[in-house]
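Going by my numbering, 274 is the number at position 274 of the sequence shown; the sequence numbering is gapless. Take a look at the structure set out below.
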Amino acid sequence: IHEVFVPAAQITTPTSSAEWDTMKSNWLKQLMTLSFRAWPEGQSPVELRTIRSDVQSGIRWTEHEYLSQEPYRLSLWGAQPASLDPQQAKRVELHVLDQVEWEQISLWMERARQGEEAASATEKAISPEESEFHAFLQMCRQPDAYHVFFAPRGIGPTEWTRNERERAHIRRRFALLGQTDDSARVWDTRRAIQAVRSIPSLSEIPLTISSKGRAAGWCLYASLFEPPVADLQLTDLPVDHASGPIFLNVSRILEFPQAVAMAADRSRVALRFSGTESRTGWEFARTVGTLIGQRPDVGLTIE
Numbered sequence: 001i002h003e004v005f006v007p008a009a010q011i012t013t014p015t016s017s018a019e020w021d022t023m024k025s026n027w028l029k030q031l032m033t034l035s036f037r038a039w040p041e042g043q044s045p046v047e048l049r050t051i052r053s054d055v056q057s058g059i060r061w062t063e064h065e066y067l068s069q070e071p072y073r074l075s076l077w078g079a080q081p082a083s084l085d086p087q088q089a090k091r092v093e094l095h096v097l098d099q100v101e102w103e104q105i106s107l108w109m110e111r112a113r114q115g116e117e118a119a120s121a122t123e124k125a126i127s128p129e130e131s132e133f134h135a136f137l138q139m140c141r142q143p144d145a146y147h148v149f150f151a152p153r154g155i156g157p158t159e160w161t162r163n164e165r166e167r168a169h170i171r172r173r174f175a176l177l178g179q180t181d182d183s184a185r186v187w188d189t190r191r192a193i194q195a196v197r198s199i200p201s202l203s204e205i206p207l208t209i210s211s212k213g214r215a216a217g218w219c220l221y222a223s224l225f226e227p228p229v230a231d232l233q234l235t236d237l238p239v240d241h242a243s244g245p246i247f248l249n250v251s252r253i254l255e256f257p258q259a260v261a262m263a264a265d266r267s268r269v270a271l272r273f274s275g276t277e278s279r280t281g282w283e284f285a286r287t288v289g290t291l292i293g294q295r296p297d298v299g300l301t302i303e
């Protein structure tokens, strides 16, 4: 019903850089006014603190906690080679997880912290699950990278409930506050970016954000309201908001191709597709990329 009685945005393709700059400015203002108006005002300290740090499986695991918004103190899990000085890392990668990814990653982290090793990749009988665990350990041991794993509110450790009726009531409560659970998670992601950048040893290192599916939408919008990140790696991002994430009024303003175009004007954006989402529908973002010109530090690639 809401899609019938409320018209979607009628978007034209810009023909000049000046027109594009005006469109971006207007969209950001509308998003703040119509979709994200319930975000807290101002920038309070993230109050980052380290909860624990230990070495297992050749990896240093560090759990940080930060204040997103009262009462939500959320966790960041850092992983680096045990021998790596964080200041020597060439990149920091923030992995923003949905519930499915959280359940898998948290299991792997727990196994690794107990000192488990994956079966050798050369073994003929290695299962797909062990192969993925092996790849996870290898990623965390990359000699030039610091990886951070994060789950926003309602995901993982702060999951509210699995009862669908109760989940519907929670979503209604968000609506009464002038937002959605997804827009609150965009805020959590913004604060996670701020928290990572507040770690002194990581503050000057280029930041990459990686996410998949619905979480890719949280990251995309969060990146638009923070100082530019170096890279956005978004897997299976839907082409429209009907597939989620859901924000109030957002389709009256723009859809994902327009948000991607804005992000690609300030960061390197890579869209990746596993086959569950369509590679088509991104013509607007491609056209804008051609209009503004490709630069080494910004732009869009579709894989």
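Built from N, CA and C at the ideal position, the CB exists for glycine as well.
What's the C-alpha gap between residue i and residue j?
i      : j      : result
Pro206 : Gln99  : 27 Å
Phe150 : Leu94  : 7 Å
Gln294 : Ala264 : 10 Å
Glu204 : Gln87  : 9 Å
His2   : Arg111 : Confidence is the limiting factor: at His2 the pLDDT is only 49, short of 50, which leaves the residue's position unreliable, though a coordinate-based value still follows. Rounded to the nearest angstrom, the two C-alpha atoms are 46 Å apart.
Ile11  : Leu254 : 7 Å
Arg141 : Gln80  : 6 Å
Arg286 : Leu300 : 7 Å
Phe136 : Thr13  : 41 Å
Ala18  : Ser75  : 41 Å
Val260 : Glu41  : 25 Å
Trp108 : Arg191 : 25 Å
Ala215 : Asp240 : 14 Å
Asn26  : Val148 : 33 Å
Ile51  : Asp188 : 19 Å
Glu63  : Gly78  : 6 Å
Leu97  : Pro7   : 32 Å
Arg172 : Gly58  : 45 Å
His134 : Gln56  : 15 Å
Pro45  : Ile126 : 46 Å
Glu303 : Gly275 : 11 Å
Gly281 : Phe256 : 9 Å
Gln104 : Gly156 : 10 Å
Met139 : Gln258 : 32 Å
His169 : Thr161 : 11 Å
Gln194 : Asp297 : 21 Å
Arg49  : Tyr66  : 7 Å
Arg113 : Gly213 : 28 Å
Asp85  : Gly115 : 21 Å
Starting from residue i, follow its DSSP beta bridges and name the residues at the other end.
i      : result
Gly299 : Arg268
Asp98  : DSSP output for Asp98 lists no bridge partner at all.
Tyr221 : Beta-bridge pairing links Tyr221 to no other residue.
Lys212 : Thr235
Ser93  : Checking the displayed sequence, the identity of residue 93 turns out to be Glu instead of Ser. Bridge partners of Glu93: His147 and Thr208.
Ser75  : Glu65
Ser83  : Answer is none; Ser83 lacks a bridge partner.
Asp54  : Trp61
Our contact map puts residue i next to residue j with C-beta atoms below 8 Å; I'd like the distance itself, whole angstroms only.
i      : j      : result
Asn182 : Pro245 : Note that residue 182 is Asp in the sequence shown, not Asn. So it is a contact: roughly 4 Å between Cβ atoms.
Arg197 : Pro152 : With a Cβ gap of about 17 Å, Arg197 and Pro152 do not count as contacting.
Arg60  : Thr208 : Wrong, their Cβ atoms sit about 19 Å apart, outside the cutoff.
Phe247 : Ser35  : 4 Å
Leu237 : Met262 : Contact doesn't hold; Cβ gap of about 14 Å is too wide.
Tyr221 : Thr158 : No, Tyr221 and Thr158 are not in contact; Cβ-Cβ is about 20 Å, not under 8 Å.
Val288 : Trp20  : 6 Å
Leu234 : Ser211 : 6 Å
Starting from residue i, trace the alpha helix (DSSP H) both ways and give me its first and last residue.
i      : result
Pro257 : Phe256 to Ala263
Val46  : No alpha helix (DSSP H) holds Val46; DSSP gives it neither H nor E.
Trp20  : Ser17 to Gln30
Thr309 : With the chain covering 1 to 303 only, the question about residue 309 has no answer from this structure.
Arg162 : Note, Arg162: premise wrong, no alpha helix (DSSP H); not H, not E.
Starting from residue i and walking both ways along the beta strand (DSSP E), at which residues does that stretch end?
i      : result
Pro128 : It is not in any beta strand (DSSP E) - Pro128 instead sits in the alpha helix (DSSP H) that spans Pro128 to Cys140.
Ser183 : Unbroken run through Ser183 is the alpha helix (DSSP H), Asp181 to Ser198; no beta strand (DSSP E).
Thr62  : Ile59 to Gln69
Would residue i count as contacting chain B if we go by Cβ distances under 8 Å?
i     : result
Ala89 : Among the protein chains of the structure shown there is no chain B, as only one such chain exists.
Quick check: does the Cβ of residue i come within less than 7 Å of any heavy atom belonging to the ligand ATP?
i      : result
Ala263 : Annotation note on the ligand ATP: not contained in the displayed structure, which lists no ligands.
Practice task
Take every Cβ of the region 129-136, pair it with every Cβ of the region 165-184, and state whether three or more of those distances are shorter than 8 Å.
Solution key: Contact fails: fewer than three Cβ-Cβ distances are below 8 Å.
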